[in-house]
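276 is the number of the first residue of the sequence shown in the numbering used here; add one for each residue after it.
Just so it is clear, CB atoms sit at the ideal spot from N, CA and C, and this is done for glycine as well.
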Amino acid sequence: MLTNPVIETLLNRKSVRKYSDQKPNDEVIATVVRAGQQAPFSGQLCSLLLTRKKAPYGAPLWFTICVDLHRMELIMAKRGWTMVSNDLSMLLFGIQDAALMAENMVIAAESLGMGSCFLGNTPYRAEHIQKQYKLPKRVFPLVELVMGYPAEEFPTRPRYPVEFTLFEDRYPELMDDMVEEAMRLMDEGYLAQGYYRKQKAKIKLEGDREETFTYDNYSWTEHISRKWGQWLKDPTELLAQMEKCGFILEKE
Ligand SMILES: Cc1cc2nc3c(=O)[nH]c(=O)nc-3n(C[C@H](O)[C@H](O)[C@H](O)COP(=O)(O)O)c2cc1C
Numbered sequence: 276m277l278t279n280p281v282i283e284t285l286l287n288r289k290s291v292r293k294y295s296d297q298k299p300n301d302e303v304i305a306t307v308v309r310a311g312q313q314a315p316f317s318g319q320l321c322s323l324l325l326t327r328k329k330a331p332y333g334a335p336l337w338f339t340i341c342v343d344l345h346r347m348e349l350i351m352a353k354r355g356w357t358m359v360s361n362d363l364s365m366l367l368f369g370i371q372d373a374a375l376m377a378e379n380m381v382i383a384a385e386s387l388g389m390g391s392c393f394l395g396n397t398p399y400r401a402e403h404i405q406k407q408y409k410l411p412k413r414v415f416p417l418v419e420l421v422m423g424y425p426a427e428e429f430p431t432r433p434r435y436p437v438e439f440t441l442f443e444d445r446y447p448e449l450m451d452d453m454v455e456e457a458m459r460l461m462d463e464g465y466l467a468q469g470y471y472r473k474q475k476a477k478i479k480l481e482g483d484r485e486e487t488f489t490y491d492n493y494s495w496t497e498h499i500s501r502k503w504g505q506w507l508k509d510p511t512e513l514l515a516q517m518e519k520c521g522f523i524l525e526k527e
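What follows is the structure, encoded as structure tokens:
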């Protein structure tokens, strides 16, 4: 594989959950934000909220990345247009813009010696964030990103093998041995770091499934299966949060 400083930065990145007291100065913040803005966009359908108040994991910076249709509608109005494109399409474009901006910020931060961690519960706190930051309608808080100088050292986390990710010309039939090898790499990688043990992050079993895992064998594939095998069955709450922000996703 080739390497250079950009590739190295990308390959060394990991989510940081412990931060030093050192505060990033305004120039550092401006650099990260400008690098974020320069990501490709479908329509600059994203904006950023920042607070320097105490953030999760003790981070000095706490960004909220929003899907933002409000600014676009202001611009379109000045051109004599109204947005008629459906909210689901606009949301997908907005998520793509926001995700690309956010990841540019993550890599810029990494290159400046900082670390970061996303927080994914944001859409379920949308109304709260709307009130906190006085968001206008048509701005939807998508994901939060805390950032600062790391106060912990650890190796990068594993990923699927490339053969389980890159499918050239046709999507293959994924045989058992390929699936199991991908699972083994992920699980052994996380176990070797004591990732879930350190975070005490075992997800409780609901219903009548019996707990047979300890932190000696509880790892990523079990964790992720418990999440999406138990949580978020009903979209009502999320749809209500979106509606509060002026995004209507149901078919009229
Ligand atoms: C959309 C999204 C939401 C996430 N939410 C959380 C979160 O709520 N809390 C957390 O500690 N990490 C969160 N993460 C970080 C992931 O757990 C982390 O990226 C993943 O375990 C891979 O580890 P790495 O980033 O160190 O390679 C989130 C990441 C993404 C992209």
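- Message: Report the start-end ranges of each alpha helix (DSSP H) in the region 391-476 that is 4 residues or longer and not cut off at the edges.
- Response: Runs found: 401-408, 451-468 and 470-474.
- Query: When every heavy atom of ligand 1 is checked, does at least one fall within less than 7 Å of the C-beta of T431?
  - Reply: Here the distance from the Cβ of T431 to the nearest heavy atom of ligand 1 is below 7 Å.
- What is the rounded straight-line gap between the Cα of D399 and the Cα of T278? Before going on, a small fix: residue 399 reads as Tyr here, not Asp. Counting only the Cα atoms, T278 lies some 40 Å from Y399.
- For F530, verify whether its CB is less than 7 Å away from any heavy atom of ligand 1. Summary: the structure shown does not reach residue 530, with the chain confined to residues 276 through 527, and so no result is reported for it.
- Where F338 falls: helix, strand or coil (DSSP): Secondary structure of F338 (DSSP, three-state): strand.
- Task: Assuming V308 and A384 form a contact by the criterion Cβ under 8 Å, report the distance between their Cβ atoms to the nearest whole angstrom.
- Result: At roughly 10 Å, the Cβ-Cβ gap does not stay under 8 Å, so V308 and A384 are not in contact.
- For L480, which three-state DSSP category applies? In this structure, L480 counts as coil in the three-state DSSP scheme.
- Who are L323's beta bridge partners in DSSP? DSSP, once it has assigned bridges, lists I340 as partnering L323.
- Query: Comparing the CB of V421 with every heavy atom of ligand 1, is any distance shorter than 7 Å?
  - Reply: Flag unset: Cβ of V421 not near ligand 1.
- Do you know offhand how far D301's Cα is from R327's? If you take the alpha carbons of D301 and R327, they lie about 11 Å apart.
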